[in-house]
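Convert by adding 7 to the 1-based position in the sequence shown; the result is the number in this note's numbering. For each residue, glycine too, the CB sits at the ideal point set by N, CA and C. The model shown is predicted, which means the values in this text are computed figures rather than measured ones. Here is the structure we will look at, set down as C-alpha cells.
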Amino acid sequence: MDASRRRAISATVRGFLRAGSRDPLTADRENSLAPSIRRLGILTGGGDCPGLNAVIRAVAKTAILQYGIEVVGIEDGFQGLIEHRVRPLTVKDVSGILTRGGTILGSNNKCNPSRYCTGRTDTGEPIWEDVTERCLTTIRRERLDALIVIGGDGTMACAAPIAASGINVIGVPKTIDNDLVGTEITFGFLTAVATATEALDRLHSTADSHHRVMVCEVMGRNAGWIALTSGVASGSDVILLPEIPFDLRKIADDIERRMRGPGFAIVVVAEGARPFNGNQVIGRIDPMSHDPIRLGGIGNLVATEIADLTGIETRTTVLGHTQRGGAPIAADRILATHFGFHAMAVLSCGKRNRMVVRENNIFSDIDLFETVGKQRLVPHDHPLIAAARAIGTSFGDGSKVITAVAMPAAMM
C-alpha cells in the first residue's frame, strides 16, 4: 500500500474514533499501526453465537485491504494458542462467511490458560496448571504483534493475563446473553431473541388449541435479557428472570386468572431463574471445565409446580442450543461488522488492551481489564419491565408496581 493511501486511511480512522471515543486524547495520537503491526492474530472463545464469522470477516478484510497486515486465525480459541494450531486467513478465506452461523475458526468454552487441565492424578482428579506461557510462546513463534479476541466475559477474563504479559489484546464483545459490562448490546443477542420469539409464537397455537400452560426455558445464566425481550416480543404471560426471584404460588394465581380469560398461558423462564429463598437448578457438573456448573431444569421444575398447584396441564420446551445456531439476522450482521471494523480502528490508533463497545448508539472502547469479573444484569427499573408490568405481564414476584423511568436512547 502506498504512503498517501495509508495516511488517508489513518486520518479517516482517527476522525471516526474522535466522533465516538471515550478517550479523545488517545484517539488523537499519531497512527503507529503501519510500522508496529505486521501480523495480527484472531480467535473466537466461549460458546458459539450468530455473527462470529461476520466479525472475523470485518477484521480480516479491514486488516488486509486497508493496512496490508497478515492475519493469522487461531483454531478453537485459547486451545489453539496453547497447542500452536493456527492458519493464515486471506480475503478469499473470509469471503462468503457473513451469513454463516458458528465460527470458521472453531471455539472452546472449557479452556482457560490460567487454569488448564494438564492430566489426572492416580485417583482420577484433574491436574490444573497455569499454561499462559504456552500461549505467549505461540504468539512469539507466529510473530504476532497484537491479538483480537472475540468472546464474552469468560473469554475476556482468559485474555487478561495475556494482555498483562505485554501482548496488545483488543476484545470484541460476544454473547447471546447480552451481559457484558460497558456495552449496551453484544452481537448474537438479537438473533437469539428472534429465535426464542419465533419458538414462543409457535407455542401459542398449541397452548391455545389444548388449553394448556406452556413453559419455555431459554438461556440466561445470571442475566435475563433473552427471557425479558423475547417474552415481551411474544406476549408471554409470565416472564421469570434470574434478577427477580419468583414465588410459585403467585405464579399459579396469575396462571389461574389467565386461564379464566383466553384459556391458555405462556411462561418464559431464563435458565438461571430461581424461587424466593431457593437456588438455581443445576443440570450437571463438568469436572473438566474451569467453570464446571451447567444450569438446566428450571423449566421442568416450574411446569411441575404449576401443574400441581393449579391442576392445569402444563408442558415444557427447552430451547437450548437452538438459540446459538443458525445464520445471524441482518441487525447482527451489521452490528458484528461495525465491531470488527472498530476493533481495527482502535488498534490503528495505538491503543492497547481495549474492548470495543457500543453505548448510546456510539461505538467506542473501554479498558479490557475493567470487564473482568463483571456482568451487566437486568435492572429492576428497566423500561421494558415497566412496560411489561403495565400490560399485565407477571414476573412471579406479585408486584404490580410500575416504576417510572426515563427511556434511554437505546433500549438494550
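(request) Whole angstroms is fine: what's the gap from cysteine 118's alpha carbon to glutamine 86's? (result) Within the sequence shown, the letter at position 111 stands for residue 118. Within the sequence shown, the letter at position 79 stands for residue 86. Taking the straight line joining both Cα atoms gives about 6 angstroms.
(request) Please check the pair alanine 65 and leucine 375, which I expect to be a contact at CB under 8 angstroms, by giving their CB distance rounded to whole angstroms. (result) Stepping through the sequence shown from its first residue, residue 65 is reached at position 58. Stepping through the sequence shown from its first residue, residue 375 is reached at position 368. The Cβ separation is near 19 angstroms, so there is no contact.
(request) State whether the stretch 158 to 173 contacts the stretch 199 to 213, with contact taken as three or more CB pairs (one from each stretch) at a distance under 8 angstroms. (result) They do not touch, by the three-pair rule.
(request) Below 8 angstroms on the Cβ atoms is my guess for glutamate 82 versus proline 95; work out the distance and round it to an integer in Å. (result) Against the sequence shown, residue 82 aligns to sequence position 75. Against the sequence shown, residue 95 aligns to sequence position 88. About 12 angstroms; that fails the 8 angstroms criterion.
(request) For the alpha helix (DSSP H) containing methionine 221, list its first residue and its last residue. (result) As a working note, residue 221 is residue 214 in the sequence shown. Taken as a continuous stretch (DSSP letters only), methionine 221 belongs to no alpha helix (DSSP H), being part of the beta strand (DSSP E) at 220 to 225.
(message) In the DSSP output, what is isoleucine 6 paired with across the bridge?
(response) One cannot answer for residue 6 here, as it falls past the ends of the chain, which runs 8 to 419.
(request) Answer yes if the stretch 340 to 354 comes into contact with the stretch 135 to 142, meaning at least three C-beta pairs across the two stretches below 8 angstroms, and no otherwise. (result) no
(message) At the level of alpha carbons, what is the spacing between leucine 187 and isoleucine 89?
(response) In the sequence shown, counting from the first residue as 1, residue 187 sits at position 180. In the sequence shown, counting from the first residue as 1, residue 89 sits at position 82. One C-alpha to the other measures close to 25 angstroms.
(request) Please classify alanine 65: does DSSP put it in a helix, a strand, or coil? (result) Taking the sequence shown and counting its residues from 1, one reaches residue 65 at position 58. Helix.
(request) Take leucine 72 and list the residues in its own chain whose beta-carbon comes closer than 8 angstroms to its own, dropping the five residues that flank it on each side. (result) Mapped onto the sequence shown, residue 72 falls at position 65. For leucine 72, where only same-chain residues beyond five positions count, the Cβ hits under 8 angstroms are Val98.
(request) Enumerate in chain order the residues of its own chain whose CB-to-CB distance from alanine 338 is below 7 angstroms, with the five nearest sequence positions on each side excluded. (result) The sequence position of residue 338 within the sequence shown is 331, counting from 1. Closer than 7 angstroms at Cβ, skipping near neighbours: Leu197.
(message) Assuming contact is defined by CB atoms lying nearer than 8 angstroms, are aspartate 315 and phenylalanine 283 in contact in what I supplied?
(response) For this step, residue 315 is matched to residue 308 along the sequence shown. For this step, residue 283 is matched to residue 276 along the sequence shown. Not closer than 8 angstroms, so no.
(request) Could you say which of His328, Leu235 and Thr162 lies nearest to alanine 393 if we only look at CA atoms? (result) Working through the sequence shown from its first residue, we reach residue 393 at position 386. With distances taken between Cα atoms, alanine 393 lies closest to Leu235.
(message) Checking 8 angstroms against the spacing of the C-beta atoms, do valine 364 and proline 180 come in under that value?
(response) Walking along the sequence shown from the start, residue 364 turns up at place 357. Walking along the sequence shown from the start, residue 180 turns up at place 173. Their beta carbons are under 8 angstroms apart, which means valine 364 touches proline 180 by this criterion.
(message) Relative to the C-alpha of alanine 310, which candidate in Gly189, Pro269, Ile262 and Gly285 has its C-alpha closest?
(response) Sequence index remark: in the sequence shown, residue 310 carries index 303 (1-based). With distances taken between Cα atoms, alanine 310 lies closest to Ile262.
(message) With three or more beta-carbon pairs closer than 8 angstroms as the criterion, would you say the stretch 262 to 276 touches the stretch 377 to 395?
(response) At 8 angstroms Cβ cutoff, the stretches do not touch.
(request) Output yes or no for whether 8 angstroms exceeds the beta carbon distance between serine 401 and aspartate 244. (result) Here residue 401 is taken as the residue at index 394 of the sequence shown, counted from 1. Here residue 244 is taken as the residue at index 237 of the sequence shown, counted from 1. Yes, Cβ-Cβ distance for serine 401 and aspartate 244 is below 8 angstroms.
(request) With a threshold of 16 other CB atoms inside 10 Å of the CB of aspartate 184, please say whether the residue is buried or exposed. (result) Reading the sequence shown from its first residue, position 177 is the one you call residue 184. Buried, by the Cβ-count rule.
(message) Using only the alpha-carbon positions, how far apart do phenylalanine 271 and glycine 108 sit?
(response) As a first step, residue 271 must be located in the sequence shown, where it is residue number 264. As a first step, residue 108 must be located in the sequence shown, where it is residue number 101. Answer to the nearest angstrom: the Cα atoms are 35 angstroms apart.
(request) Could you check what DSSP says for threonine 110 in three-state terms: helix, strand or coil? (result) Translated into the one-based positions of the sequence shown, residue 110 becomes position 103. Here threonine 110 sits in coil by DSSP.
(request) Would you mind giving the Cβ-Cβ distance between cysteine 124 and proline 133, rounded to the nearest angstrom? I have them listed as a contact below 8 angstroms. (result) Start at 1 with the first residue of the sequence shown, and residue 124 comes out as number 117. Start at 1 with the first residue of the sequence shown, and residue 133 comes out as number 126. The Cβ separation is near 4 angstroms, so the contact holds.
(request) Could you tell me the distance, in whole angstroms, from the CA atom of alanine 397 to the CA atom of valine 239? (result) Mapped onto the sequence shown, residue 397 falls at position 390. Mapped onto the sequence shown, residue 239 falls at position 232. Each residue's alpha carbon lies about 11 angstroms from the other.
(request) Put glycine 126 into one of helix, strand or coil per three-state DSSP. (result) Locating residue 126 in the sequence shown gives position 119, counting from the first residue. The three-state secondary structure of glycine 126, taken from DSSP, is strand.
(message) Taking the beta strand (DSSP E) that leucine 96 belongs to, which residues open and close that run?
(response) On the sequence shown, position 89 is the one that residue 96 refers to. First-last of the beta strand (DSSP E) with leucine 96: 93 to 96.
(message) Here's the rule: buried if 16 or more other CB atoms are within 10 angstroms of the residue's CB, otherwise exposed. What is isoleucine 289?
(response) Start at 1 with the first residue of the sequence shown, and residue 289 comes out as number 282. Exposed, by the Cβ-count rule.
(message) Counting C-beta neighbours from all protein chains within 10 Å, is the total for aspartate 372 16 or more, i.e. buried, or is it exposed?
(response) Within the sequence shown, numbered from 1, the residue matching residue 372 stands at position 365. By the neighbour-count rule (16 or more Cβ atoms within 10 Å), aspartate 372 is buried.
(request) Over the uninterrupted beta strand (DSSP E) stretch that includes alanine 277, give me the two end residues. (result) Position 270 of the sequence shown, counted from the first residue, corresponds to residue 277. Start and end: 272 to 277.
(message) With a threshold of 8 angstroms on Cβ separation, who are the neighbours of phenylalanine 257 within its own chain once the five nearest residues in sequence on each side are excluded?
(response) The residue given as residue 257 occupies position 250 in the sequence shown. Per the sequence presented here, residue 257 reads as lysine, with phenylalanine not at that position. These residues qualify, in order along the chain: Ser401, Gly403, Asp404 and Gly405.
(request) Have a look at the DSSP bridge pairing and note the partners of glutamate 136. (result) Here residue 136 corresponds to residue number 129 of the sequence shown, with the count starting at 1. In DSSP, glutamate 136 forms a bridge with Tyr123.
(message) Please classify arginine 127 as buried or exposed, where buried requires at least 16 neighbouring CB atoms within 10 angstroms.
(response) In the sequence shown, residue 127 corresponds to position 120, counting from 1. Classification of arginine 127: exposed, given that the 10 Å Cβ count is below 16.
(request) Could you have a look at threonine 190 and say whether DSSP puts it in helix, strand or coil? (result) Mapped onto the sequence shown, residue 190 falls at position 183. Coil, per DSSP.
(message) I'd like the span of the beta strand (DSSP E) that includes glycine 54, first residue to last.
(response) Translated into positions along the sequence shown, residue 54 becomes position 47. Careful: glycine 54 lies outside any beta strand (DSSP E) and carries neither H nor E.
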